[in-house]
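Residue numbers (the working numbering), protein chains in the order written: chain A, 1 to 249; chain B, 1001 to 1197. Each residue gets a CB set at the ideal place from its N, CA and C atoms; glycine is no exception.
Right, dumping it as structure tokens:
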């Protein structure tokens, strides 16, 4: 058994003294693990940093075996963000959430595409919005997608500003008025009312988006995971909350 | 079949880093062949170390005293603290003989996938040291990895307001390194942090 694919490093755990078990998000084979002999060595260590894009060849005698990877670094994404605390926290959260949420060996091409685009655009101002969009897509791929097309109470398609925590459906301002204390805020960019920019409202919207996706990820995806959502996600939110744009809310 | 003393010795040696069963057998044979010159002194050294070596109560370095030799050395610059992940990193910096300040050993890095959070590291102790002393600079000498740098950013956030200067180690071309053999990340970092000649 063998295949080759493009992969993004989600995690690398040391195995023995010189090897690592690498978890890659691949285009056609989903989240897939494999052993890399010598992966913990001085020369190869840098290849298996979170977020790096590699060209991977996986080989095993039987399909159900762990198998072994041989990887060639295509793009050193991690190195680009090491000196940027917020971007690094975002990259760690992105990889940790994907690693914790996705089942092994289940192809999710749309998710892979979104992940790849996100790490490509991490130097742009809108990457945090794309991060929220990624978590929305993750929920959809896991079978818990939110229906934000119309108001669950009135059927209206405009002025959607809430999401029902029970049904995961959008609720309009008028329809949600009596229950607004119990509803989750729906950021404008998720309701399709326009993309956010780098400015202040965008940053607040991102926080609302993370609260929204976080609620449903905890409820549906991480409900059986010890400790809930990965700690890296919370650290990303904490760092985002401390950034100037958010604290001036 | 009962395990003999030799088997037990080989098994224990094979647990050491760098030694597999084959090399453990060779080491065991060498020890057995030199009982007075190597084996007994080694056993004594192991027992003594197991009984006496402990972590320094200030920096976490290993020594036989409550406060390690580095922390008690008055010739060292007490206004500088270099934060390292493990004692091995401290030894590496000491080998370089270029740093004469104090240290702080974290005991690892933040690793969400392995369940290592801030409470598992000596970060609170570092913040307390920074608060209660006249330290002017803290050097964060964590690895240039995602986890290492995430830890450095987290610590710098926690130290904000307590120390005048927080720095991280530079990364770039190693001494003796050739551009052709460097990975893209190191090259990009080196180019970004270039300086005037």
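query, result
"8 Å Cβ cutoff, residue 250(A) in contact with chain B", "Shown here, chain A extends from 1 to 249; a query on residue 250(A) therefore has no answer."
"Proximity to residue 183(A) [Cα-Cα], best of 142(A), 164(A) and 40(A)", "164(A)"
"Nearest residue (CA-CA) to residue 240(A), options 48(A), 93(A) and 61(A)", "93(A)"
"For residue 1137(B), the three-state DSSP class (helix, strand or coil)", "strand"
"Contact set between residue 73(A) and chain D, taken where Cβ atoms lie within less than 9 Å", "In the displayed structure, chain D is absent; the protein chains listed are A and B."
"Range of the contiguous alpha helix (DSSP H) that encloses residue 26(A)", "Here residue 26(A) belongs to no alpha helix (DSSP H); instead the beta strand (DSSP E) covers 19–26."
"Chain-ordered chain B contacts of residue 50(A) [CB-CB under 7 Å]", "1146"
"Close-in-space but distant-in-sequence residues of the same chain around residue 194(A) (CB under 8 Å, 5 per side omitted)", "Low confidence applies here, because residue 194(A) scores a pLDDT of 44, under 50, leaving its location unreliable; read the following figure in that light. Result list for residue 194(A): 188, in chain order."
"CB contact below 8 Å: residue 1149(B) versus chain A", "yes"
"Cβ shell of residue 147(A) (< 6 Å), same chain only, five flanking positions each side left out", "169"
"Backbone CA spacing between residue 199(A) and residue 1071(B) [nearest angstrom]", "Here the model assigns residue 199(A) a pLDDT of 47, short of 50, so the residue's position is not dependable, and the following value carries that caveat. Approximately 48 Å between the Cα atoms of the pair."
"Touch test, the segment 116–131 of chain A against the segment 39–46 of chain A, Cβ-Cβ under 8 Å, three pairs minimum", "no"
"Cβ distance (whole Å) where residue 253(A) is taken to contact residue 139(A) below 8 Å", "An answer regarding residue 253(A) cannot be provided, because it is not within the stretch 1 to 249 covered by chain A."
"Neighbour list for residue 1153(B) in chain A, Cβ cutoff strictly below 7 Å", "85 and 88"
"Chain-ordered residues of the segment 1104–1128 of chain B with a beta carbon less than 7 Å from chain A", "1112, 1113 and 1117"
"Cβ pair count under 8 Å reaching 3, the segment 100–115 of chain A against the segment 17–35 of chain A", "yes"
"Inter-residue spacing [alpha-carbon to alpha-carbon] between residue 1080(B) and residue 1003(B)", "52 Å"
"With 16 other Cβ atoms within 10 Å as the buried cut-off, status of residue 1176(B)", "exposed"
"Separation of residue 1135(B) from residue 1160(B), as counted between CA atoms", "13 Å"
"Any alpha helix (DSSP H) of 4 or more consecutive residues that is wholly inside the segment 68–129 of chain A", "77–81, 85–101 and 109–120"
"Own chain, CB closer than 8 Å to residue 1200(B), minus 5 neighbours either side, in chain order", "What is shown of chain B runs 1001 to 1197, which leaves residue 1200(B) out entirely."
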